[in-house]
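Enquirer:
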Amino acid sequence: MISLQSHEFMNPKISDYIISSEKVAHVQMGNSLEHALLVLTKSGYSAIPVLDARFRIHGLISSSMITESILGLERIEFEKLGEKKVEDVMAVTYPQVHLDDRFEKALDLLIDHAFLCVVDKEGYFEGIFTRSALLKELRTYIHKINEL
1151 MISLQSHEFM NPKISDYIIS SEKVAHVQMG NSLEHALLVL TKSGYSAIPV
1201 LDARFRIHGL ISSSMITESI LGLERIEFEK LGEKKVEDVM AVTYPQVHLD
1251 DRFEKALDLL IDHAFLCVVD KEGYFEGIFT RSALLKELRT YIHKINEL
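With the numbering used here as the guide, the letters of the sequence shown map in order to residues 1151 to 1298.
So this is what it looks like as C-alpha cells:
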C-alpha cells in the first residue's frame, strides 16, 4: 500500500502543471454551434471552454450538448447549427480551480472530470489542469518514495 505521509505530493501549485490557455482549443461567446462543432472535432477534445473577448470563461460546450440541441422529434435539424450560438447550449457550471490552489482540491474534482478549467483571481481563463497531469505527478512521487 502507498503511504503519503509526507505532504510533498499535495504541495505543488496547479499553476506549475497547467496546459496554458494559448494551447487549449476554445470558442468565444457569439460563435455558432457549427463553429464549435468544427473546433471540437478538429481538436479531438470532448469539451472546450467558452470565453468572452476578454478571455474570461463563461462555460463549457461539448459535442453531445450540440447534438442534443439540434435533435428534433423526427429528424436532426442541421440548420440550427448555424442559427444557435454557443451560449444557448453551453453548461454554465463546470469544474474549476484557481491558479494558487493545491493538488488536493484538484484531486477531489478530477475523480469525476477529465480536466479542470483554471482561472486567476479575476476569472480570466489561464488553461486546463488534466487528470493525466495529476497522474504523472503521482507517478513521479511514487518513484521517489520507492528510491528511498
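Each residue gets a CB set at the ideal place from its N, CA and C atoms; glycine is no exception.
Just reading off the alpha helix (DSSP H) that S1219 is part of, what are its end residues?
Expert: Taking the sequence shown and counting its residues from 1, one reaches residue 1219 at position 69. Note, S1219: alpha helix (DSSP H), S1213 to I1220.
Enquirer: Report back the beta-carbon spacing between K1235 and S1219 to the nearest angstrom; my notes put them in contact at under 8 angstroms.
Expert: What you label residue 1235 is simply residue 85 of the sequence shown in a count that begins at 1. What you label residue 1219 is simply residue 69 of the sequence shown in a count that begins at 1. With a Cβ gap of about 11 angstroms, K1235 and S1219 do not count as contacting.
Enquirer: Under the three-state reduction of DSSP, which class applies to G1209: helix, strand or coil?
Expert: Locating residue 1209 in the sequence shown gives position 59, counting from the first residue. Looking at G1209 - three-state DSSP - the assignment turns out to be strand.
Enquirer: Thinking C-alpha only, which one of I1198, T1217 and T1290 is nearest E1172?
Expert: For the purposes of this step, residue 1172 is taken as the residue at position 22 of the sequence shown. That would be I1198, whose Cα lies nearest to the Cα of E1172.
Enquirer: Can you check which of these residues, T1280, V1189 and H1208, is closest to E1272 by C-alpha distance?
Expert: Start at 1 with the first residue of the sequence shown, and residue 1272 comes out as number 122. Nearest C-alpha to E1272: H1208.
Enquirer: Could you have a look at I1295 and say whether DSSP puts it in helix, strand or coil?
Expert: Counted from its first residue, the sequence shown places residue 1295 at position 145. Three-state DSSP puts I1295 in a helix.
Enquirer: Could you tell me which uninterrupted alpha helix (DSSP H) segments, each at least 4 residues in length, are contained entirely in the segment 1227-1262, listed from first to last along the chain?
Expert: 1230-1233, 1236-1239 and 1253-1260
Enquirer: Please report the distance separating the alpha-carbon of Q1178 from that of D1238.
Expert: Locating residue 1178 in the sequence shown gives position 28, where the first residue counts as 1. Locating residue 1238 in the sequence shown gives position 88, where the first residue counts as 1. Answer to the nearest angstrom: the Cα atoms are 12 angstroms apart.
Enquirer: For I1164, which of helix, strand or coil comes out of DSSP?
Expert: In the sequence shown, counting from the first residue as 1, residue 1164 sits at position 14. If DSSP states are grouped into helix, strand and coil, I1164 belongs with the helices.
Enquirer: Helix, strand or coil for L1302? Go by DSSP, reduced to three states.
Expert: Past the boundaries of the shown model lies residue 1302; the chain is included only from 1151 to 1298, so the question cannot be answered.
Enquirer: Quick check: the segment 1221-1233 against the segment 1255-1264, are there 3 or more CB pairs under 8 angstroms?
Expert: no
Enquirer: Per DSSP, which one or two residues make a beta bridge with S1170?
Expert: Position 20 of the sequence shown, counting from 1, holds the residue named residue 1170. For S1170, which the question treats as bridged, DSSP gives the partners G1277.
Enquirer: Under a three-way DSSP split, which group does L1266 fall into?
Expert: Residue mapping note: residue 1266 aligns to position 116 of the sequence shown, counting from 1. Three-state DSSP puts L1266 in a strand.
Enquirer: When you compare the CB positions of E1287 and P1162, do they come within less than 8 angstroms of one another, or not?
Expert: Position 137 of the sequence shown, counting from 1, holds the residue named residue 1287. Position 12 of the sequence shown, counting from 1, holds the residue named residue 1162. Contact flag set, yes.
Enquirer: Span of the alpha helix (DSSP H) holding S1193?
Expert: If you number the sequence shown from 1, residue 1193 lands on position 43. Judged by DSSP secondary structure, S1193 falls within the alpha helix (DSSP H) whose first and last residues are L1183 to S1193.
Enquirer: When the distance is taken between beta carbons, is M1240 closer than 8 angstroms to V1200?
Expert: Reading the sequence shown from its first residue, position 50 is the one you call residue 1200. Reading the sequence shown from its first residue, position 90 is the one you call residue 1240. In contact: V1200 and M1240 (Cβ atoms closer than 8 angstroms).
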